[in-house]
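Q:
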Amino acid sequence: MKWLFRLTVLVVAGWSGYWFIGARAQENLFANLLADGREDGWTAESGDLGVGGFPYRFDTSLTDLSFRDPSGKWGWQADEFLITALTYQPNHVIAAWPGTQVLDTPEGRVTVDSDVLRASIVVAPAINMPLERLQLEGAGLLLNGTGWMANISTLNAALFQNETTPTRYRLGIDLEDITPPAFITSRLGGGAYLPDLVDKLRLSGQIYFDREIDRPAFASATPPRPLRATIEPSFILWGPSELRLTGELRAAENGYVEGNLNFEVFNWQPFFETFRQASNLTTTEKLTLKRALDGASDGRNLAFTLNFINGETRIGPFTISPAPVYPF
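As structure tokens, then:
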């Protein structure tokens with residue numbers, strides 16, 4: 002039995018050594034990431050940085066985090082950020098955001114509280130650590146901005162890298178029980194046509210970037226830029242109405258979006274009334290468009306296409322607004 006005891010001691014000692022070396026490597030990794038960010042002009046500060054989870058996990062905890070990009074327009078603050086990886090699968094990490102976070106954006110500050118907010122991140126075992134899979138789960142999200150508030154009951158999102166085309170990613174987003182900010186619902190009729198609560202939103206599609214999403218891309222001052230997107234069957238379920246969507250969008254040389262969005266709308270009149278409230282069309286243009294939609298529908302349901310051409314948004318022969326500016 003002595004040989005079995007000695008073997009056990011050797012295995013435990015070897016595994017313990019591996020864990021402590023790995024834990025020290027984790028600490029150095031995150032400390033170096035913070036230092037690299039500061040060298041690139043970011044504000045990147047953290048309080049305590051520690052690794053636990055012996056013997057099967059690397060549990061990294063960072064406290065009192067504060068990040069701000071070199072322009073000063075974007076920032077993130079959090080009391081705590083947790084990152085967990087299994088010792089035998091360090092390229093797959095689970096990240097969790099407990100407590101309150103503060104986001105600074107060009108449009109103002111947003112405070113985010115949640116019951117659950119966590120992500121699963123898988124990178125390929127390569128030097129540049131390309132992102133293979135990102136999944137995000139949230140529940141009980143409360144967003145507070147300057148003079149506004151929004152709620153999301155359930156959030157599920159995922160981004161998967163295509164196996165044969167590294168710059169192509171599949172995106173999926175599911176939201177349930179969404180309460181938009183009051184300034185949006187008031188502009189859409191204040192609940193007169195559609196309720197304040199959006200029942201469900203699902204977005205599915207493929208996004209083509211100009212380069213792979215990897216570690217150098219995160220460190221770069223210019224992150225990967227989406228060039229075009231294919232929208233696969235997606236929908237919004239909102240009160241008595243449902244809107245289904247497909248399409249294809251791309252960046253145009255004039256700085257606008259080009260492409261098309263195909264809509265199927267079931268019980269379309271409430272959606273039109275909210276659009277009528279929010280649009281900048283003249284009364285005559287709204288009446289003309291309403292008559293055209295009446296003629297194209299079967300009473301309750303409607304199918305139409307928005308075309309983005311030469312900086313304009315068109316429904317058939319009607320130009321209803323400028324095309325969206327390409328944001329990237």
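Residue numbers for the sequence shown follow this note's numbering, beginning at 2 and rising by one. For glycine and all other residues, C-beta sits at the position ideal for the given N, C-alpha and C. Being a predicted model, the structure only gives us computed values, none of them experimental.
1. Could you tell me whether the segment 148–155 touches the segment 174–188, using the rule of 3 or more Cβ pairs below 8 Å?
2. Could you work out which residue in S72, Q90 and L142 is closest to P99 when comparing CA atoms only?
3. In three-state DSSP terms, what is I185?
4. For K201, write down the residues that DSSP places opposite it in a beta bridge.
5. Taking only the alpha-carbon atoms, compute the straight-line gap between R110 and D295 and give it to the nearest angstrom.
6. Helix, strand or coil for A125 per DSSP?
7. Any chance you could list the alpha helix (DSSP H) runs of at least 4 consecutive residues sitting entirely within the segment 237–302, in chain order?
8. Where does A324 fall in DSSP's three states?
9. Report yes if the CB atom of G190 is closer than 8 Å to the CB atom of E286, and no otherwise.
10. Apart from the five residues on each side of it in sequence, which residues of its chain come closer than 7 Å, Cβ to Cβ, to R212?
11. Rounded to whole angstroms, what is the Cα-Cα separation between W16 and L87?
12. For P217, which three-state DSSP category applies?
13. Look at the alpha carbon of Y257 and the alpha carbon of R229, and state the distance between them as a whole number of angstroms.
14. Around the Cβ of T61, are there at least 16 other Cβ atoms within 10 angstroms (buried) or fewer (exposed)?
15. Which first and last residues belong to the beta strand (DSSP E) in which T155 is found?
16. In terms of residues, what are the limits of the beta strand (DSSP E) holding W77?
17. Comparing alpha-carbon positions, which option in M130, A159 and W149 lies nearest E138?
18. Give me the Cα-Cα distance between V123 and L63, rounded to the nearest whole angstrom.
19. For a test of the three-state rule: what should DSSP assign to A36, helix, strand or coil?
20. Inspect the beta-carbon positions of L238 and K291 and report whether they are closer than 8 Å.
21. Any idea what DSSP makes of Y170, helix, strand or coil?
22. Just mark G317 as buried or exposed, buried being the case when its beta carbon has 16 or more other beta carbons within 10 Å.
23. Just to confirm, is the Cβ distance from A120 to Q136 under 8 Å?
24. What would DSSP say about T106, mapped onto helix, strand or coil?
A: Let me spell this out:
1. yes
2. Closest by alpha carbon: L142.
3. helix
4. E177 and L238
5. Spanning the alpha carbons of R110 and D295 requires a straight line of approximately 43 Å.
6. coil
7. 270–279 and 284–297
8. coil
9. no
10. Hits under 7 Å: T168, A218 and P225.
11. Confidence at W16 is low in this model, with a pLDDT of 36, below 50, so the placement of that residue should be treated as unreliable; the coordinate-derived value is given next. Near 13 Å, if we compare the C-alpha coordinates of L87 and W16.
12. helix
13. 12 Å
14. buried
15. W149 to Q162
16. That run of the beta strand (DSSP E) goes G76 to L87.
17. A159
18. 20 Å
19. Correct three-state label for A36: helix.
20. no
21. The answer is strand: DSSP assigns Y170 an E or B state.
22. Looking at its Cβ environment, which holds fewer than 16 other Cβ atoms inside 10 Å, G317 is exposed.
23. yes
24. strand
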